[in-house]
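Following: one structure in structure tokens, then a few remarks.
In our numbering, the protein residues as written are 1407 to 1823.
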């Protein structure tokens, strides 16, 4: 059997200009998505592809960090690497010199995300399995060895994580029909900040025709009345049965967040996302109390499992928007999913990968961990850039069947599907 040792590590600074207005919110106004890509070359022409999302020139910095951080992987056989990946992830994150630049956040952590995602992609390709299938086939002990649970032991020790998986084994068949029905999505692309009302209505009508029933609208306009008008317009357009989410992208201070969330409550959002600065734990706690029963979603800019632990324990959010391109890749995403399951909160990922990798992870979360089925964000703007784009029909992500984690870009000519 080939060892599938990692023979070469390289990066790609991939940038994709978007159509006018696409991708805009209250803070981020440049219509360019960028992916810091890790490429792990191995035997038999197999290549692991990992990605992390950025929005511009910072992409170059992440690529340079990947080259520095990934050096210890050279020459390692993929099965040896993944047999105890949690330990390796911690070693990489705690690089004696590079750790100082975080720790465990920012450019270095984004680089680790891309590297980790490439490792999982290569592993699944060498086994000839889609990533969701590989993960579901592992024993509880093998899954937990993929995780770095350091600093979580007071809430989630390895034994706790193993028991969470064992407790769900008998009822797995009840949840496996999701593989046939597909995982429901919600459409973010209808409500970008720069879109006028006609554009929002046009895109929403198209999405409804494609089977979507849940939609996100960007809020946080310089003139708050614009947010309220757009929210009223969209609620009327989708009707009482439509599901709405509002996303402020961190722009409000606490006082304004309380006011706006209370006023937006009239339009019955499932959640209000990133209502204030992502580091302000206290503000989120106060806000959750002041705007109840309106729910808070956050996680797009929560950088690591420890900060998630703080937010979850404090009752600062209700929907956990973990993202494997913001956290330290698949491994830390799964760690946060275990943590959320232990503390009784749902995971609704933010998709810095455009849903390519997360379509695998939500299946594992539901079938193996027993997380409830909610929604997976759908952003179609980079669809044509992926070698095997996620298949979405009837408003649902269809279960991917090809080997790997669905991260290959056309520009990288990666193997697998």
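Just so you know, even glycine gets a beta-carbon here, dropped at the ideal spot from N, CA and C.
Which word fits residue 1670, buried or exposed, when buried means at least 16 other C-beta atoms lie within 10 angstroms of its C-beta?
buried
Going by C-alpha to C-alpha distance, which of 1725, 1740 and 1696 sits closest to residue 1711?
Measuring C-alpha to C-alpha distances from residue 1711 to each of 1725, 1740 and 1696 identifies 1740 as the nearest.
Which residue's Cα is closest to the Cα of residue 1641: 1445, 1606 and 1433?
Nearest C-alpha to residue 1641 among 1445, 1606 and 1433: 1606.
Beta-carbon proximity check, residue 1518 vs residue 1734, cutoff 7 Å:
Contact flag set, yes.
Is the segment 1465-1484 in contact with the segment 1409-1421, if contact means three or more CB pairs nearer than 8 Å?
yes
Grouping DSSP H, G and I as helix and E and B as strand, with all else coil, what is residue 1737?
helix
Minimum C-alpha distance to residue 1536 - residue among 1686, 1521, 1507 and 1585:
The candidate whose alpha carbon is nearest that of residue 1536 is 1585.
State the CB to CB distance for the pair residue 1667 and residue 1700, rounded to an integer number of angstroms; the pair is presumed to be in contact (CB under 8 Å).
6 Å
So residue 1570 and residue 1747 are in contact, right, with Cβ under 8 Å, and what is the actual spacing, rounded?
6 Å
For residue 1755, which of 1704, 1452 and 1719 has the nearest alpha-carbon?
Looking at 1704, 1452 and 1719, the one whose alpha-carbon comes closest to that of residue 1755 is 1704.
Taking one C-beta from the segment 1415-1429 and one from the segment 1458-1473 each time, how about it: are there three or more such pairs within less than 8 Å?
yes
Might you give, ordered along the chain, the residues of its own chain that have their beta carbon closer than 7 Å to the beta carbon of residue 1515, omitting 5 neighbours on each side?
The residues are 1508, 1709, 1710 and 1734.
Can you grab the Cα-Cα spacing for the pair residue 1753 / residue 1504, in whole Å?
Cα-Cα distance, rounded: 30 Å.
What separation, rounded to the nearest whole angstrom, lies between the Cα atoms of residue 1446 and residue 1455?
7 Å
Across the segment 1756-1767 and the segment 1562-1576, are there enough close Cβ pairs to call them in contact, namely three or more that are closer than 8 Å?
no
Cα separation between residue 1553 and residue 1496?
If you take the alpha carbons of residue 1553 and residue 1496, they lie about 9 Å apart.
Decide if residue 1450 is buried, meaning its Cβ has at least 16 other Cβ atoms within 10 Å, or exposed.
In summary, residue 1450 is exposed, with fewer than 16 beta-carbon neighbours lying within 10 Å of its beta-carbon over all protein chains present.
Just confirm the distance between the C-beta atoms of residue 1720 and residue 1680, as a whole number of angstroms; I'd bet it's less than 8 Å.
That belief does not hold up - the Cβ atoms of residue 1720 and residue 1680 are roughly 16 Å apart, past 8 Å.
Whole-Å CB distance - residue 1742 paired with residue 1726, under 8 Å assumed
7 Å
Distance, residue 1543 Cα to residue 1522 Cα:
20 Å
Using only alpha-carbon positions, find the residue among 1452, 1442, 1464 and 1473 that is nearest to residue 1458.
Ranking 1452, 1442, 1464 and 1473 by Cα distance to residue 1458 puts 1442 first.
Starting from residue 1416, follow the beta strand (DSSP E) in both directions and report where the run begins and ends.
1414-1423
Here's a check: name, in chain order, each residue in its chain whose Cβ is nearer than 7 Å to the Cβ of residue 1630, leaving out the five neighbours to either side.
Taken in chain order, the residues that qualify are 1666.
So, at 7 Å on beta carbons, what are the nonlocal neighbours of residue 1433 in its own chain, with the 5 sequence-adjacent residues on each side left out?
1655, 1656 and 1657
Strictly by DSSP, which residues pair up with residue 1677?
1651
Please classify residue 1521: does DSSP put it in a helix, a strand, or coil?
When secondary structure is reduced to three states using DSSP, residue 1521 falls in the helix class.
Alpha carbon to alpha carbon, what distance is there between residue 1707 and residue 1831?
Residue 1831 lies beyond the residue range present for the chain, which begins at 1407 and ends at 1823; the question has no answer from this structure.
One question on the structure: do residue 1576 and residue 1550 come within less than 7 Å of each other, judged by their Cβ atoms?
Cβ atoms of residue 1576 and residue 1550: not closer than 7 Å.
According to DSSP, is residue 1703 part of a helix, a strand, or is it coil?
Three-state DSSP puts residue 1703 in a strand.
Pick from 1538, 1782, 1621 and 1619: whose alpha carbon is nearest that of residue 1582?
The residue from 1538, 1782, 1621 and 1619 with its alpha-carbon nearest to that of residue 1582 is 1538.
Could you give the first and the last residue of the continuous alpha helix (DSSP H) run that contains residue 1615?
1603-1615
Residue 1408 to residue 1562 span [Cα, whole Å]:
36 Å
Once you ignore the five residues that flank residue 1423 on each side, which residues in its own chain have a CB closer than 7 Å to its CB?
1437 and 1438
In chain order, what residues of the same chain lie with their CB nearer than 7 Å to the CB of residue 1421, ignoring the 5 residues before and after it?
1438, 1440 and 1465
What is the DSSP secondary structure of residue 1570, reduced to helix, strand or coil?
helix
For residue 1717, the nearest candidate out of 1692, 1730 and 1491 (CA to CA)
Nearest option by C-alpha distance: 1692.
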